[in-house]
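Take a look at the structure set out below.
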Amino acid sequence: MKPEENKFADVPLRVKTWIYIILICALGVSHPLVMKIFVSWISFQSFFEFLRLFKINSNRIIPSLCVGIAQFFLLYFFTIENYFIYGAILSVIVLLYFFLLKTPLKLLYGVFTALLVCLFTFPHLSFIRDTVSGLNSIIFIVVVTELNDVFQYLMGKFFGKHKITPKISPNKTLEGFIGGVFLTIILSNILGFFLLKTDILVNTILGTILGISGFIGDIFMSYLKRKTNIKDTGTLLPGHGGLLDRMDSLIFNAPIFFWILSLLVKS
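One point on numbering: in UniProt numbering, the residue at position 105 of the sequence shown is 105, and numbering is uninterrupted.
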């Protein structure tokens, strides 16, 4: 019984941290302006963790603050189209900053990856909040994405036997992935019916896509951590690691859901 007990040793701490995450997220999505501040903070913290991940030893706070503050003003003052234009300009400026610090080319690729995620992926959360059904939509994507993580984690703990990505993320199993996606489809249908007012076909497609792309986002971050020999991106969230360790499933889910939502609104 001892190995089984050890399998679930981290569950109480993870659950406790989850309670704090839920409370902070509830506050963060409560109003469009607060959401912009919340997303900008996410980008600041994530960019800082990316710099740590890629072992960039120059001052990490200043460029991270610049990314977070600049992003807030871009989200507040500009439309989506203009956001991407000025976001690209900001990215060039940040890359130039690290280039002038004589950052090795390999690490510049890391900074570029960080900018893509922080400036062009996470802002979609704010774009979702600004849509007509913004509050319902942001609740849907966050709850479905994060519980998909929980489902895959628990299914893997209970039934996992076959490793799906042993060299990248040894704890991921085929049973955890399939069971997690199945439960995510069910959750998507329940939440979609009440929050998005969409039918069973749309909800099933959403659940399937978000379950799979959430898994891919998780594997993407695991790959980066494996390449840089770092277990967690930070220590902000006890039992989970850094913010990026918790946000990784939204890297692809946020933009995918936003553009699917845009198509649903048009149709």
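Every residue gets a Cβ at the ideal spot worked out from N, C-alpha and C, and that includes glycine.
With contacts defined by Cβ atoms closer than 8 Å, F98 and V117 do not form a contacting pair. Taking S58 as the centre and dropping the five residues before and after it, the same chain places the C-beta of L101 closer than 6 Å to its C-beta, in chain order. With the rule of 3 Cβ pairs closer than 8 Å, the segment 27-43 counts as touching the segment 121-138. With respect to the 8 Å criterion, G207 and T184 are classified as neighbours on the basis of their beta carbons. Ranking I178, S133 and I186 by CA distance to the CA of L261 puts S133 first.
Ranked by how close their Cα comes to the Cα of I139, the residues L250, I80 and V15 have L250 in first place.
Secondary structure at T173: strand, using DSSP grouped into helix, strand and coil. S126 is a Cβ neighbour of M35, given a cutoff of 8 Å. The straight-line gap separating the alpha-carbon atoms of L264 and F193 is approximately 14 Å.
For K197, there is no enclosing alpha helix (DSSP H), as DSSP marks it with neither H nor E. With contacts defined as CB atoms closer than 8 Å, I219 and S169 qualify as a contacting pair.
Judged by DSSP in its simplified three-state form, G241 adopts strand. G239 is not a Cβ neighbour of R52, given a cutoff of 8 Å.
DSSP, reduced to helix, strand and coil, places K231 outside both helices and strands of the structure shown, so it counts as coil. Of the residues assessed, N82 falls on the exposed side of the cut-off, its CB having fewer than 16 other CB atoms within 10 angstroms.
In this structure, V150 is the residue among A88, I128, V150 and L135 with its C-alpha nearest to the C-alpha of T17.
The DSSP-derived three-state label of K163 is strand. The residue among N136, V181 and V142 with its C-alpha nearest the C-alpha of L154 is V181. Just so you know, the alpha carbons of S222 and I212 end up roughly 15 Å apart. For R60, no alpha helix (DSSP H) run applies, since DSSP gives it neither H nor E. K163 and G179 have their C-alpha atoms roughly 14 Å apart. Assigned with DSSP and collapsed to three states, K225 falls in helix. In this structure, L195 and N136 form a Cβ contact; the two beta carbons are roughly 4 Å apart against a cut-off of 8 Å.
Within the same chain, F54, K55, I56 and F98 come within 8 Å of L107 by CB-CB distance, once the 5 residues on both sides are set aside.
Secondary structure in the segment 105-170: the alpha helix (DSSP H) runs of 4 residues or longer, each lying completely within the stretch, are 105-120, 123-129 and 134-159 in chain order.
Excluding its 5 nearest sequence neighbours in each direction, F48 has C-beta neighbours in its own chain below 6 Å: R60 and S64, listed in chain order. Here T233 is buried, its C-beta having at least 16 other C-beta atoms within 10 Å.
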